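To start, the structure itself, in structure tokens.
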Amino acid sequence: MRALVVIGAGASGMAAAISAHDSGVKDILIIERGPEMGGILTQCIHSGFGLHTFHEELTGPEYADRFQKEVLKRGIDVLLNTTVLEIDSHFIRYINSTGIYEEECQAIVLAMGSRERARGALNIPGERPAGIFSAGTAQHLMNLDGCRIGKKVVILGSGDIGLIMARRLTLEGSHVLAVVEIMPYSGGLKRNIVQCLEDFSIPLYLSHTITEIKGKKRVEGVAVSPVDENLQPLPDRSFDIPCDTLLLSVGLLPENELTKKAGAELSSTGGPVVDDSYETSLPGVFAAGNVLHIHDLVDYVSQEAEEAGRNAARYILSGECDEACIPVVPGHGVRYAVPQFISRTGKDALIKFRIAKPMRNAVISLISDGRIIKRMRKKVVSPGEMERVSVQKSLIDSELKLEVAENDET
Amino acid sequence: MMDYDVIVIGGGVTGTAIAWYLARYDIKVLLLEKECELCEGASKANSGIAHSGYDPEPGTLKASLNVRGSRMLHSLASLLDLDYMQNGAMVLAFSDSDLKKLEKLKERGSANGVSYSEMLSKDEVLRRERNVSKDVKAALFFPTSAIICPFSLVYAFAENAAVNGVEVRTSAPVTGIEKRRDGFVIHSDDLSFASRSVVNAAGIYADRISAMVVPEYFSLTPRRGEYVLLDKTEGFVTSTLFRTPAELGKGVLVTPTVHGNILVGPDCIETGEKDNTATVSKGLAAVMESGRKSVPELNYRTIITSFSGVRAHPDGNDFIIDMPCPGFFNAAGIESPGLTASPAIGEMAGSMVAEYLKAKKKNNYIETRKKIVRASSLSPEKLNDLIATNPGYGRIVCRCESVSEGEIVEAVRRGAVTLDGVKRRVRAGMGRCQGGFCTPLLLDILSRELNVKKEMLGKKGPGSEVLV
Ligand SMILES: Cc1cc2nc3c(=O)[nH]c(=O)nc-3n(C[C@H](O)[C@H](O)[C@H](O)COP(=O)(O)OP(=O)(O)OC[C@H]3O[C@@H](n4cnc5c(N)ncnc54)[C@H](O)[C@@H]3O)c2cc1C
Ligand SMILES: Cc1cc2nc3c(=O)[nH]c(=O)nc-3n(C[C@H](O)[C@H](O)[C@H](O)COP(=O)(O)OP(=O)(O)OC[C@H]3O[C@@H](n4cnc5c(N)ncnc54)[C@H](O)[C@@H]3O)c2cc1C
Numbered sequence: 001m002r003a004l005v006v007i008g009a010g011a012s013g014m015a016a017a018i019s020a021h022d023s024g025v026k027d028i029l030i031i032e033r034g035p036e037m038g039g040i041l042t043q044c045i046h047s048g049f050g051l052h053t054f055h056e057e058l059t060g061p062e063y064a065d066r067f068q069k070e071v072l073k074r075g076i077d078v079l080l081n082t083t084v085l086e087i088d089s090h091f092i093r094y095i096n097s098t099g100i101y102e103e104e105c106q107a108i109v110l111a112m113g114s115r116e117r118a119r120g121a122l123n124i125p126g127e128r129p130a131g132i133f134s135a136g137t138a139q140h141l142m143n144l145d146g147c148r149i150g151k152k153v154v155i156l157g158s159g160d161i162g163l164i165m166a167r168r169l170t171l172e173g174s175h176v177l178a179v180v181e182i183m184p185y186s187g188g189l190k191r192n193i194v195q196c197l198e199d200f201s202i203p204l205y206l207s208h209t210i211t212e213i214k215g216k217k218r219v220e221g222v223a224v225s226p227v228d229e230n231l232q233p234l235p236d237r238s239f240d241i242p243c244d245t246l247l248l249s250v251g252l253l254p255e256n257e258l259t260k261k262a263g264a265e266l267s268s269t270g271g272p273v274v275d276d277s278y279e280t281s282l283p284g285v286f287a288a289g290n291v292l293h294i295h296d297l298v299d300y301v302s303q304e305a306e307e308a309g310r311n312a313a314r315y316i317l318s319g320e321c322d323e324a325c326i327p328v329v330p331g332h333g334v335r336y337a338v339p340q341f342i343s344r345t346g347k348d349a350l351i352k353f354r355i356a357k358p359m360r361n362a363v364i365s366l367i368s369d370g371r372i373i374k375r376m377r378k379k380v381v382s383p384g385e386m387e388r389v390s391v392q393k394s395l396i397d398s399e400l401k402l403e404v405a406e407n408d409e410t
Numbered sequence: 411m412m413d414y415d416v417i418v419i420g421g422g423v424t425g426t427a428i429a430w431y432l433a434r435y436d437i438k439v440l441l442l443e444k445e446c447e448l449c450e451g452a453s454k455a456n457s458g459i460a461h462s463g464y465d466p467e468p469g470t471l472k473a474s475l476n477v478r479g480s481r482m483l484h485s486l487a488s489l490l491d492l493d494y495m496q497n498g499a500m501v502l503a504f505s506d507s508d509l510k511k512l513e514k515l516k517e518r519g520s521a522n523g524v525s526y527s528e529m530l531s532k533d534e535v536l537r538r539e540r541n542v543s544k545d546v547k548a549a550l551f552f553p554t555s556a557i558i559c560p561f562s563l564v565y566a567f568a569e570n571a572a573v574n575g576v577e578v579r580t581s582a583p584v585t586g587i588e589k590r591r592d593g594f595v596i597h598s599d600d601l602s603f604a605s606r607s608v609v610n611a612a613g614i615y616a617d618r619i620s621a622m623v624v625p626e627y628f629s630l631t632p633r634r635g636e637y638v639l640l641d642k643t644e645g646f647v648t649s650t651l652f653r654t655p656a657e658l659g660k661g662v663l664v665t666p667t668v669h670g671n672i673l674v675g676p677d678c679i680e681t682g683e684k685d686n687t688a689t690v691s692k693g694l695a696a697v698m699e700s701g702r703k704s705v706p707e708l709n710y711r712t713i714i715t716s717f718s719g720v721r722a723h724p725d726g727n728d729f730i731i732d733m734p735c736p737g738f739f740n741a742a743g744i745e746s747p748g749l750t751a752s753p754a755i756g757e758m759a760g761s762m763v764a765e766y767l768k769a770k771k772k773n774n775y776i777e778t779r780k781k782i783v784r785a786s787s788l789s790p791e792k793l794n795d796l797i798a799t800n801p802g803y804g805r806i807v808c809r810c811e812s813v814s815e816g817e818i819v820e821a822v823r824r825g826a827v828t829l830d831g832v833k834r835r836v837r838a839g840m841g842r843c844q845g846g847f848c849t850p851l852l853l854d855i856l857s858r859e860l861n862v863k864k865e866m867l868g869k870k871g872p873g874s875e876v877l878v
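Chains as they are written, first to last, in the numbering used here: chain F, 1 to 410; chain A, 411 to 878.
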């Protein structure tokens, strides 16, 4: 019987294991499918990681390395090249090249990260040629395997990975012809739009989408259409861009097949429903990082996971389990909020959320049973950046609601 | 001297079924396929239904070969280790005129020799299939209808044929056929092969192959059918759900696949182009709307891919299985239910060839074939034994479909040379992320196993290289 099993050795898995260890649980096993620790960080060779945590700009591998050293220093067991196949509240089954194993454990931290949305999710018509990559696959091929994926590239989706890949491809000598985004705004961080597109004069087509993929064997071009306010393409204004490669950067989805199979309740983020100790609806199963909801900054992934690790340790050592009874409800202007429930234990709760559309002079209100208990103003907010707000639990009655509105009432 | 007794042109389900049947005779057989993998035509893009046989016009080859094929598949499923499941089919009626048509279908089914069908009341339909539209009035149920992985059938036929001595050549397009006194010379680019007889199973191109030997007497019209494929949702629908047929074809169906996905389609569009397998937004939208009429709760946000296939529609509306000149055989115009009928077509065309050649049966014929082991379906004990002999079966490469390196290496050993070839054999890249995670790993494994540079590897063949 293990005390704690952590699934995934990305930013979240490593941080959770370290903090659980520091909270007094020594019998920890991290299981990672890949050949090394670090998760998605290993392929993010650009810098821009760790400003909040280390007050310097590291590359992904450098950031991962700092955490990996801490894991190794504590002598935490790590199994690499090993895939978890199935979990239950206190049980896991995993496989690697030496066999298939089953183990009981007191607690689990889910840290499986995310996967990319594929072409099918968009249902783009056309043939099915080679030369269509999701952005993360392209990043893996280029940064880890040293491959070249295309010469003339169009990118669909202006999320961070798409933007970063636009720059990366350009630096590697490919010609990025356009970044096409269906929304009237980019889903990426502002700094990435400037540093990855504007600095290289790569055109960004907002309110446009790709309506057809041409080419039978290899991509030969794409048809691009502007869209109306309901995001429906306007075919008579469609134009073609000849290219040999299409990169899809159309969003990440929390990777929750294991979670789903185990019967945990899932939320609209695609991740499990959790309380403010990051415990899922399965007792003793905690979750943090992209598996819970998609993060844009790794620092917040690490922080969230530390919290989850600490709570997992508390659960193991004391058997304590808070009763999370206050629902957190995304109200007007809010797409989702995590956690979905908070308990009465402790002083404050940290709520993370994303807003539904970009706004200027936004007012963020926290409302308990019709009463505003906290109000914050922000000059600009955008769905591309996760918002965080801390709330004093003693102010909340039976429910906490978040609302965001543009400030016109002053 | 002839190189071969018979050359089969086309490596779809028809050609491989004929090769499979001929393999039991003591003759030299060669199969030629123009693409670098088998199963690149209609056989890879269809509904994957082993139809019971209620639909074809009684008295046609389609009708008799469908019913016979459906029965043969039922027993071949275990002999050839097919991905096959008898799940039953419902034809749903939504109006009074539909109800009348169901009566006719029931009669037509019995005329074709479909041994059993059953009228289900609305309540019974909804009890068995909770997600069918509440507007349903009744349904006709065909218990012998089954779902089958079409790729598994083609590879099973081909592998069993090969084990019994049939030679299979891919990347071998037939470019010309010369008639000789004692047989034929088949040209494939720079190569040529002499053979006593030839079987034309070239799918949508069968009219052109036939015209190389005899004056054109049939032509094939391409009719495209599009689908959307949804992620796995256990128990969402269990039987194959047809709508009551209108004029053209069996209409849009909703069915589980043998692997647990949900398939919605096809439509029927005449494109005039034999190799146009593009999907179009209008077509997909119509298919999706139509699917929702049968099953309103279909969740199109879980679509993982869309695709289309081309039916080889013959003018006469029936399969063309004949010998228009001595030694030259057609198995052409094999549109739906060609997948179901394939073993029966193999038997019929194969017997005609065998008779022409006066071929004798072999005595060392191997009747069975084993599919590639699916590590994830084994018990832990069996899997541990397998991993002990080959650690590759413990390394998961495709996470969505849980495919191990061992399976992928075996796919290559059995002939896969492209990403699509691997995908069709062992499902790596077939899941919800559509190869997002495993493509880089697959390129590594293929490059190592085939001993070629990664840049040479294609999704389908030359011209479809993944890297540049
Ligand atoms: C392309 C890209 C660029 C980014 N750029 C920045 C940036 O500039 N600055 C910044 O601060 N942040 C950036 N981020 C965000 C941040 O780095 C990520 O959100 C964070 O690294 C995610 O960590 P994670 O541990 O949640 O997930 P992951 O890193 O995805 O780790 C999950 C791990 O779990 C493993 N796993 C999953 N399932 C199983 C299983 N069944 N069995 C065993 N192991 C399993 C996976 O192999 C993986 O290693 C970027 C993210 C991406 C994708
Ligand atoms: C949309 C759709 C749905 C269907 N649904 C079903 C169903 O549910 N159930 C069912 O029973 N049937 C169904 N069918 C029918 C079934 O798919 C076909 O009947 C069957 O696949 C035909 O197989 P084939 O081998 O004749 O043709 P193909 O699979 O097209 O094979 C022909 C092969 O010949 C090769 N070839 C062509 N020219 C040359 C040349 N010059 N030299 C060498 N090789 C050549 C091609 O590359 C190809 O591989 C459906 C068909 C379609 C299109």
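From the three backbone atoms N, C-alpha and C, an ideal C-beta is built for every residue, glycine too.
The structure displayed is predicted, hence computed values, not measured ones.
Who are the Cβ neighbours of residue i in its own chain at under 6 Å, not counting the five residues just before and after it?
i      : result
A/R809 : F847
A/L448 : G421, V564, A568
F/Q392 : D348
F/E70  : I18
A/G726 : none
So which residues on chain F does residue i lean against when the C-beta distance must stay under 9 Å?
i      : result
A/A688 : P125, G126, E127, R128, E212, I213, K214, K216
A/L492 : The contacting residues do not exist; A/L492 stays about 25 Å from chain F at best.
A/V624 : Here the premise fails: no neighbours, minimum Cβ distance about 31 Å.
Would you call residue i buried or exposed, if buried means 16 or more other Cβ atoms sit within 10 Å of its Cβ?
i      : result
F/I372 : exposed
A/N773 : exposed
F/E104 : exposed
A/D795 : exposed
F/A117 : At residue 117 of chain F the sequence reads Arg, which differs from the Ala that was named. Answer is buried; the Cβ neighbour count reaches 16.
How is residue i classed by DSSP in three states: helix, strand or coil?
i      : result
A/S649 : coil
F/Q195 : helix
F/D276 : coil
A/E513 : helix
F/G99  : strand
F/K374 : strand
A/Y464 : coil
A/Y414 : strand
F/T137 : helix
A/G845 : coil
F/T42  : helix
List, in chain order, every chain F residue whose beta-carbon is nearer than 8 Å to that of residue i.
i      : result
A/C843 : R115, E116, A118, S134
Does chain F have any CB closer than 9 Å to the CB of residue i?
i      : result
A/A452 : no
A/Y615 : no
A/C810 : yes
A/K444 : no
A/T715 : yes
A/M847 : A quick correction: the sequence has Phe, not Met, at residue 847 of chain A. At least one chain F Cβ lies under 9 Å of A/F847.
So does residue i have its beta carbon nearer than 8 Å to some heavy atom of ligand 3?
i      : result
A/L796 : Ligands in the displayed structure: ligand 1 and ligand 2; ligand 3 is not one of them.
Taking 7 Å as the limit between beta carbons, can you name the residues of its chain near residue i, skipping five residues before and five after?
i      : result
A/Y435 : A764, A769, K770, K771, K772
F/V25  : A3, L4, A313, I316, L317
Shorter than 9 Å from the beta carbon of residue i to some beta carbon of chain A?
i      : result
F/S97  : yes
F/R148 : yes
Apart from the five residues just before and just after residue i, which ones in its own chain have a Cβ nearer than 8 Å to its Cβ?
i      : result
F/I28  : R2, A3, L4, V5, V6, A17, A20, H21, I76, D77
A/K516 : Y464, S527, M529, L550
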